[in-house]
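Numbering of the sequence shown is given in this note's numbering, commencing with residue 1006 and proceeding in unit increments. By construction, the Cβ of each residue, glycine as well, lies at the ideal position given by its N, Cα and C atoms. Everything on this sheet refers to the single structure shown next.
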Amino acid sequence: MSNTLLLLSDGSWFPGNGFGSPAPLLDDVPKETSKNAAGEVVFNTSMSGYHEMVTDPSYAGQILVFTSAHIGNYGCDEDWSETGVSADRNERFCPKAAAVVVRNLYSGPIPAGRISFSHFLESYGICGICGVDTRALTISLRDGGSRNGMLFRLNDDARFPSDSWLDGALKRVRAIPSMEGQALARKSGTEKGSSAVEKSFSANEAKVRVALIDYGVKGGIIRELKRCGSDVVVLSSVSTAEEVLSLHPDGVLLSNGPGDPAVLDLEIATVAGLVGKVPVFGICLGHQLLATALGGKTRKMAFGHHGANHPVREMATGRVYVTSQNHGFEVDPDSLPEDVVVSHVNANDGSVEGIMHKHLAASSVQFHPEASPGPREATILFDRWIDTLLQNKNEVHP
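Dropping the structure here:
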């Protein structure tokens, strides 16, 4: 392990030891910016599921800090990956996290057939740093908000950075683009080809056909749709409403994904063209895009919601779900038009966790009902939506 540090854009830095793929030396980093080991630093409060989190496409452009003190103790298995619809190691579907930060890295024995967390990160070129005071780092991010950062490897003979080194490194960090304004979904989801349908997945006993618009979909969403009896056809994020409707789906699911929803003009136009013509359900980024297409607005959160223990209240029933979440933007409730109601709220801070249209078949949730990782009590939302699609289908074609 090499001497490595995490440098934040406010000038604070956290020393540790590198693992996974080596972090770059300062001299190897372009003066303008670098995507290697650089991005917005966010913390996740989940106690397990580090493999699923690192492979979640929604973490594109972010350095992931684990608040759980001990990481890596059960190894990694590619079957747990949430990296989208491709099973191969195509670069587009490799893990998207820019880097990871942990307190204690486990290096003992793991079950047969698995590889260590460090070796998994190394195989995909992802940098890691361990031995970091993640409690102090998390408090800094909570109190001051998420900010950009970057991992650097120090020279072999250096134990602490010099002032001149810090000045040069800080210029690199401050050149990293803000998460606001980044259209990362187009780089994380399925790439548009010559055919409208880029991939398809069949359920054993299919009841409905779902068109899934892929902004960086997690594998868990596809698994849940298949479990409920859906044939799933996957389309690129830049597919038009006409292309989607030409497939005659029973419903359209807007997936999760990374980046700023406000700059996805093409995607928003597609969603607006679908609402009222086919039932639409959005998850995470898909929720934000639906809200925007219906006339609402989104805004950046101070440090977002990242974890598997967020309580969400369903307004119609009063039921509280413990949910898995990963988002840095939210829907502004005051921006929603009168015909859109808030269906779910966060029980901790009151933020919008779900919306629905009063008259049209359009609804969405900010949290992740598929979990992966996290509690699975919200998976019932998939069953409800598929049942609604099946009912609509039978009414049209009895």
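query, result
"Selected residue, minimal CA-CA separation from T1102, among G1044, F1165, S1128 and S1169", "The question names Thr, but residue 1102 is Ala in the sequence shown. The residue with the shortest Cα to Cα distance from A1102 is G1044."
"Proximity of G1066 and G1133 at Cβ, strictly below 7 Å", "no"
"Inter-residue Cα distance where the pair is P1062 and P1263", "7 Å"
"Opposing strand residues paired with Q1330 [DSSP bridges]", "G1312"
"One or two residues paired with I1181 in a DSSP bridge", "I1181 is not bridged to any residue."
"Cβ-based neighbour list, A1092, same chain, cut-off 8 Å, excluding 5 preceding and 5 following", "Note on A1092: pLDDT 46, under 50, position unreliable in the model; the coordinate value appears next. Excluding sequence neighbours, A1092 sits near nothing in its chain."
"Distance, Q1396 Cα to L1011 Cα", "53 Å"
"Among L1250, A1188 and G1186, the one whose alpha carbon lies nearest that of L1217", "L1250"
"Backbone CA spacing between T1139 and R1191 [nearest angstrom]", "32 Å"
"Beta-bridge pairing of D1236 - partner residues as DSSP gives them", "R1214"
"Rounded separation between D1148 and L1156 - CA only", "21 Å"
"Same chain only: Cβ atoms within 7 Å of S1053, ignoring 5 sequence neighbours per side", "P1378"
"Enclosing alpha helix (DSSP H) for R1140 [first to last residue]", "T1139 to G1149"
"Distance between L1252 and V1238 (C-alpha atoms, nearest Å)", "9 Å"
"Selection from E1343, G1323, E1319 and N1331 that minimises the alpha carbon distance to L1299", "E1343"
"Three-pair Cβ contact test at 8 Å for the stretch 1380-1397 versus the stretch 1290-1309", "no"
"Distance, L1294 Cα to S1205 Cα", "23 Å"
"A1267 versus S1123: straight-line alpha-carbon distance, rounded", "35 Å"
"Every unbroken alpha helix (DSSP H) within the stretch 1087-1133, with a cutoff of 4 residues, ordered by chain", "1122-1128"
"Burial state of Y1079, where buried means 16 or more other Cβ atoms lie within 10 Å", "exposed"
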